[in-house]
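As structure tokens, the structure follows; a few thoughts come after it.
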DNA sequence: CTGCAAGTTAAAGTGAGGTTGAGGTCAAGG
DNA sequence: CCTTGACCTCAACCTCACTTTAACTTGCAG
């Protein structure tokens, strides 16, 4: 069993490039677990590095820690993700990225069209009123993803 | 001078689709100014609607209120943006959007390449370590825009 | 005059994703 | 034995972009 060495928090923090305080925070919100040494110090298996890589990748895709916790919770026994899990989850991430990308492209195209017009109408300009982007550039779908949209539920 | 009617905060809020509390907040952080009635109530010229449209468009492009304040401050006399101002500023926004878009595309492509590999290496995987994207997919530039990147200044 | 909507202020609250600090424990080295 | 450094907990603090609350004033209709 000499190969199953457990890592202290400082080393995990250093190797993952994530502050020790963040690791404790992740544990407090249920993203991470830790074994403890006899004196109460956290001891992590090497697999925590993969789990942290997964968490960071998910953050880069725009998921909140709550969503990441849910994604990890879909894994049987809350184990660290395997290749199969990764394939399944990354497919939904791809869709999310596609949505974000098309939203930004719609916004950029709106900007290009607007340069020189100077309209900036609150009601009709795609830039200040992205809810209307669909009406101007296509149909149905709203192009700007929720995460990129200004809050304007009460707009007139 | 009958054409220069001044609008009360409630009407501006309604027409701009921005809460009155947000308008007061904008004023408190120096994004907006207001004239006052004899009894101390805010009175806005119609041009505030254009200014608000500008602010909202800038937010949609991903600028913080501080950056928007700076952009507005580059206008002589802090006037409300004209078509010429709009043209100049929107060109820099377009560059910013381009940067955001290419960052997300690089991330998506990394995701596609990674599906099935399951590597998720903290050091080499483009997904968990977007600082290295440049090394894997091209040269020089970092593809993931600052605003979309996980905080990892102390990475090893 | 009464009543009510709409406005005013300062201060506190929200939520995400953490960081910082105080005060304490523990193992190893000199 | 004593110090140093890594670790522990818990609570407070941070930024951003606002919203909410409390206590109060004003304008206008009936």
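Protein chains in written order, with this note's numbering: chain A, 1 to 156; chain B, 1001 to 1156. The beta carbon of each residue, even a glycine, is placed where N, CA and C say it ideally should be.
{"Asked": "State yes or no: is the beta carbon of residue 1211/B nearer than 9 Å to at least one beta carbon in chain A?", "Found": "The requested residue 1211/B does not occur in the structure, where chain B is confined to residues 1001 to 1156."}
{"Asked": "Can you give me the C-alpha to C-alpha distance between residue 89/A and residue 1103/B, rounded to a whole angstrom?", "Found": "20 Å"}
{"Asked": "Quick check on this structure: which residue in 87/A, 106/A, 99/A has the alpha carbon closest to the alpha carbon of residue 1112/B?", "Found": "87/A"}
{"Asked": "Taking residue 1051/B and residue 1007/B to be in contact with their CB atoms under 8 Å, please state how far apart those CB atoms are, rounded to whole angstroms.", "Found": "That belief does not hold up - the Cβ atoms of residue 1051/B and residue 1007/B are roughly 12 Å apart, past 8 Å."}
{"Asked": "Does residue 1006/B get closer than 9 Å to chain A when you measure Cβ to Cβ?", "Found": "no"}
{"Asked": "Which value, in whole angstroms, describes the spacing of the CA atoms of residue 55/A and residue 14/A?", "Found": "16 Å"}
{"Asked": "Would residue 1012/B be called buried (16 or more neighbouring beta carbons within 10 Å of its own) or exposed?", "Found": "buried"}
{"Asked": "Return the chain-ordered ranges of every beta strand (DSSP E) run that is complete within the stretch 31-105 of chain A and spans a minimum of 3 residues.", "Found": "42-44"}
{"Asked": "Are any of the Cβ atoms in chain A nearer than 9 Å to that of residue 1041/B?", "Found": "no"}
{"Asked": "Where does residue 23/A sit, in a helix, a strand or coil, going by DSSP?", "Found": "helix"}
{"Asked": "According to DSSP, is residue 111/A part of a helix, a strand, or is it coil?", "Found": "helix"}
{"Asked": "Assuming residue 1017/B is part of the alpha helix (DSSP H), what are its boundary residues?", "Found": "Unbroken run through residue 1017/B: none, as it is neither H nor E."}
{"Asked": "Are the C-beta of residue 74/A and some C-beta of chain B separated by less than 9 Å?", "Found": "no"}
{"Asked": "Residues in its own chain within less than 7 Å of residue 1037/B by CB, not counting five upstream and five downstream?", "Found": "1043"}
{"Asked": "Any idea if residue 110/A is buried or exposed, counting beta-carbon neighbours within 10 angstroms, 16 or more meaning buried?", "Found": "buried"}
{"Asked": "Cα separation between residue 1053/B and residue 29/A?", "Found": "39 Å"}
{"Asked": "Could you tell me whether the Cβ of residue 1032/B comes closer than 9 Å to any Cβ of chain A?", "Found": "no"}
{"Asked": "Can the beta-carbon of residue 34/A be found less than 9 Å from the beta-carbon of residue 9/A?", "Found": "yes"}
{"Asked": "If you drop the 5 nearest sequence neighbours on each side, which residues of the same chain put their C-beta closer than 6 Å to that of residue 93/A?", "Found": "61"}
{"Asked": "Within the 9 Å Cβ cut-off, does residue 1107/B reach chain A?", "Found": "yes"}
{"Asked": "Can you tell me whether residue 1005/B is buried or exposed? The criterion is at least 16 other CB atoms within 10 Å of its CB, across all chains shown.", "Found": "exposed"}
{"Asked": "Does the beta carbon of residue 1068/B come closer than 9 Å to any beta carbon on chain A?", "Found": "no"}
{"Asked": "Within the same chain, show all residues whose beta-carbon is closer than 8 Å to that of residue 1069/B, passing over the 5 residues directly before and after it, in chain order.", "Found": "1029, 1030, 1031"}
{"Asked": "Counting only C-beta atoms, is residue 1061/B closer than 9 Å to chain A at any point?", "Found": "yes"}
{"Asked": "Between 1108/B, 1097/B, 1106/B, which lies nearest to residue 1059/B when the distance is taken from Cα to Cα?", "Found": "1097/B"}
{"Asked": "Determine, for residue 94/A, whether the minimum Cβ-Cβ distance to residues of chain B falls below 9 Å.", "Found": "yes"}
{"Asked": "Since residue 1049/B and residue 1016/B should fall inside the 8 Å C-beta cutoff, what is the C-beta to C-beta distance between them, to a whole number of angstroms?", "Found": "6 Å"}
{"Asked": "Identify the contact partners of residue 1009/B in chain A, using a Cβ-Cβ distance below 9 Å as the criterion.", "Found": "Ordered by position in chain A, no residue passes the 9 Å Cβ test against residue 1009/B, which lies about 14 Å from the chain."}
{"Asked": "Could you tell me which residues DSSP pairs with residue 1006/B in its beta bridges?", "Found": "In DSSP, residue 1006/B forms no bridge with anything."}
{"Asked": "Cβ closer than 8 Å: which chain A residues qualify as neighbours of residue 1065/B?", "Found": "Those do not exist, as residue 1065/B stays about 12 Å from chain A at its closest Cβ, beyond 8 Å."}
{"Asked": "Taking CB distances under 9 Å as the criterion, tell me whether residue 23/A reaches chain B.", "Found": "no"}
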